[in-house]
Ligand SMILES: *Cc1c(COP(=O)(O)O)cnc(C)c1O
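Numbering (UniProt numbering), first residue to last: 1 to 392.
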């Protein structure tokens with residue numbers, strides 16, 4: 001029996017070595033909680049890195065979306081539009097507020113929100129006198145959505161945009177940082193993201209008043225009074241000073257992490273894109289993706305195998321790869337929610353879901369590990385005798 005191979009994870013945390021320094025600072029000053037210097041600095045450093053005036057550090061990316069929707073006054077019975085091809089966390093906060101999601105399909109170039117589907121949805125909503133309170137646009141796997149088109153349409157209907165940039169910190173669109181073009185942007189520092197605080201998130205905006213309101217809501221909405229007084233529903237959403245310390249050290253190496261993940265993508269593409277029926281996610285012109293996860297499509301008819309078959313083969317080799325997100329309009333939780341397809345013939349997100357897979361893309365992955373993944377895929381794609389193997 002062959003010995004079990006070391007597991008290669010999809011996107012494991014990658015520490016810089018400097019995290020302990022900031023954690024130690026929190027211990028030395030006994031600012032374990034609540035808040036403290038690491039939180040204040042982490043907010044300033046992220047704001048300055050992406051080029052916005054204000055940021056508030058919170059307990060998760062999901063919490064940041066929830067706060068953004070609250071700031072835009074979303075409440076029971078309201079409508080919020082959201083990309084359909086995304087993780088559930090993009091849309092759960094719509095339900096927290098008792099509002100109703102409408103899902104918008106992807107377009108084929110970026111896999112992100114289809115401007116033409118969005119335009120149809122807004123036109124219908126206007127005709128019904130029920131424009132959405134917000135549009136949540138996701139930048140999938142680091143790839144920017146077509147923001148010029150999306151913002152132009154949303155501006156025409158005066159609907160604010162929330163950028164779910166949970167996966168795209170470090171990406172840019174026409175020179176602007178991902179997450180800084182809408183009314184609000186959110187980032188996630190969950191353990192699998194490009195940088196992590198183990199768990200955490202950030203809400204950013206150039207609207208100082210709104211961010212200071214978010215800070216108030218995230219800390220139980222305590223009124224300015226000599227006693228505990230509350231006039232609004234608040235949340236316990238602030239980030240701890242220990243975790244913000246991890247974030248500060250991680251932010252220092254973000255650009256290295258982007259470089260490493262882009263290299264991972266390029267290696268996969270170099271060795272695997274020659275196969276018929278295999279197509280890698282493109283990069284939109286004038287944008288730079290952080291390539292958080294390397295994503296590719298497998299056309300079963302051309303390739304002779306399905307994405308599912310390859311995933312099973314990789315799993316048997318102890319390599320963690322995943323399907324592309326299952327579209328939210330297909331989730332049982334959102335059964336019956338309205339959905340706008342790219343056009344009458346094409347359900348782009350559904351097709352991406354059936355063909356798409358994500359390969360291990362960690363910035364700490366060794367060349368040897370990536371070589372093992374590539375060889376495993378080559379072995380699966382062609383007969384073993386016909387190739388000589390790859391040594392990265
Ligand atoms: C990870 C993720 C989130 C949620 O972030 P958390 O910090 O895990 O709450 C939201 N949207 C997308 C697209 C994500 O990938």
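Where a beta carbon is used, it is the ideal one built from N, C-alpha and C, also for glycine.
Start-to-end residues for the beta strand (DSSP E) that takes in residue i
i           : result
residue 163 : 161-164
residue 187 : 184-188
residue 54  : 54-58
residue 204 : 201-205
Best match in the options for proximity to residue i [C-alpha to C-alpha]
i           : options            : result
residue 404 : 203, 117, 324, 323 : Residue 404 is absent from the model: the chain starts at 1 and stops at 392.
residue 47  : 119, 6, 177        : 177
residue 341 : 103, 25, 21, 15    : 103
residue 410 : 354, 37, 58        : Here the chain comprises residues numbered 1 to 392, so residue 410 is not present and cannot be evaluated.
residue 22  : 175, 242, 126, 164 : 242
residue 137 : 337, 154, 287, 131 : 154
residue 211 : 270, 227, 64, 147  : 64
residue 376 : 316, 328, 326      : 316
residue 199 : 227, 245, 208      : 245
residue 349 : 112, 49, 81, 179   : 112
residue 279 : 232, 108, 71, 77   : 108
residue 143 : 123, 225, 174, 121 : 174
residue 50  : 96, 171, 41        : 171
residue 42  : 101, 249, 262      : 249
residue 12  : 101, 365, 311      : 365
residue 186 : 95, 61, 32         : 61
residue 367 : 306, 261, 311      : 261
residue 72  : 15, 182, 35, 139   : 182
residue 125 : 382, 357, 339, 347 : 339
residue 381 : 277, 31, 16, 37    : 277
residue 379 : 214, 310, 328, 343 : 310
residue 86  : 373, 33, 165       : 165
residue 119 : 141, 81, 101       : 81
residue 201 : 282, 31, 59, 374   : 59
residue 207 : 191, 228, 304, 180 : 180
residue 148 : 335, 269, 287, 272 : 287
residue 141 : 328, 330, 281, 347 : 281
residue 240 : 232, 37, 16        : 37
residue 272 : 19, 374, 4, 18     : 374
Opposing strand residues paired with residue i [DSSP bridges]
i           : result
residue 82  : 103, 136
residue 394 : With the chain covering 1 to 392 only, the question about residue 394 has no answer from this structure.
residue 113 : 106
residue 358 : 295, 322
residue 288 : 172
residue 198 : 190
residue 238 : 58
residue 96  : The partner list for residue 96 (beta bridge, DSSP) is empty, contrary to what the question assumes.
residue 8   : 319
residue 339 : 103
Presumed contact (8 Å Cβ cut-off) between residue i and residue j, rounded CB distance
i           : j           : result
residue 168 : residue 290 : 6 Å
residue 39  : residue 57  : 5 Å
residue 110 : residue 284 : 5 Å
residue 52  : residue 204 : 5 Å
residue 99  : residue 79  : 7 Å
residue 194 : residue 253 : That belief does not hold up - the Cβ atoms of residue 194 and residue 253 are roughly 10 Å apart, past 8 Å.
residue 189 : residue 234 : At roughly 22 Å, the Cβ-Cβ gap does not stay under 8 Å, so residue 189 and residue 234 are not in contact.
residue 156 : residue 115 : Not confirmed; about 11 Å, so no contact.
residue 333 : residue 106 : Incorrect: roughly 19 Å between the Cβ atoms, too far for contact.
residue 264 : residue 370 : 6 Å
residue 35  : residue 238 : 6 Å
residue 274 : residue 307 : 18 Å between Cβ atoms; not a contact.
residue 69  : residue 94  : 7 Å
residue 101 : residue 337 : 5 Å
Boundaries of the alpha helix (DSSP H) in which residue i is found, first to last residue
i           : result
residue 147 : 147-156
residue 243 : 241-252
residue 32  : Note, residue 32: premise wrong, no alpha helix (DSSP H); not H, not E.
residue 174 : Careful: residue 174 lies outside any alpha helix (DSSP H) and carries neither H nor E.
residue 228 : No alpha helix (DSSP H) contains residue 228, which DSSP labels as neither H nor E.
residue 371 : 367-381
residue 16  : No alpha helix (DSSP H) contains residue 16, which DSSP labels as neither H nor E.
residue 219 : Element bounds for residue 219: n/a, residue is neither H nor E.
residue 91  : Careful: residue 91 lies outside any alpha helix (DSSP H) and carries neither H nor E.
residue 40  : 37-50
Heavy atom of ligand 3 within 7 Å of residue i beta-carbon
i           : result
residue 146 : Of the ligands one can find in the structure shown, namely ligand 1, none is ligand 3.
| Contact the segment 275-294 vs the segment 361-378: 3+ CB pairs below 8 Å | Result yes; three or more Cβ-Cβ pairs closer than 8 Å.
| task | Tell me, please, whether the segment 206-220 touches the segment 77-95 by the rule of three or more beta-carbon pairs shorter than 8 Å. | result | Touching, no, given that fewer than three Cβ pairs across the two stretches are closer than 8 Å.
| query | Would you say the segment 149-163 touches the segment 121-141, given that touching needs at least three Cβ pairs under 8 Å? | reply | Yes: the two stretches touch, three or more of their Cβ pairs being nearer than 8 Å.
| query | Are the segment 6-22 and the segment 320-329 in contact at 8 Å, needing three or more beta carbon pairs? | reply | Verdict: yes, contact present.
| request: Report yes or no: do the segment 24-38 and the segment 141-155 share at least 3 C-beta pairs separated by less than 8 Å? | output: No: the two stretches stay apart, fewer than three of their Cβ pairs being nearer than 8 Å.
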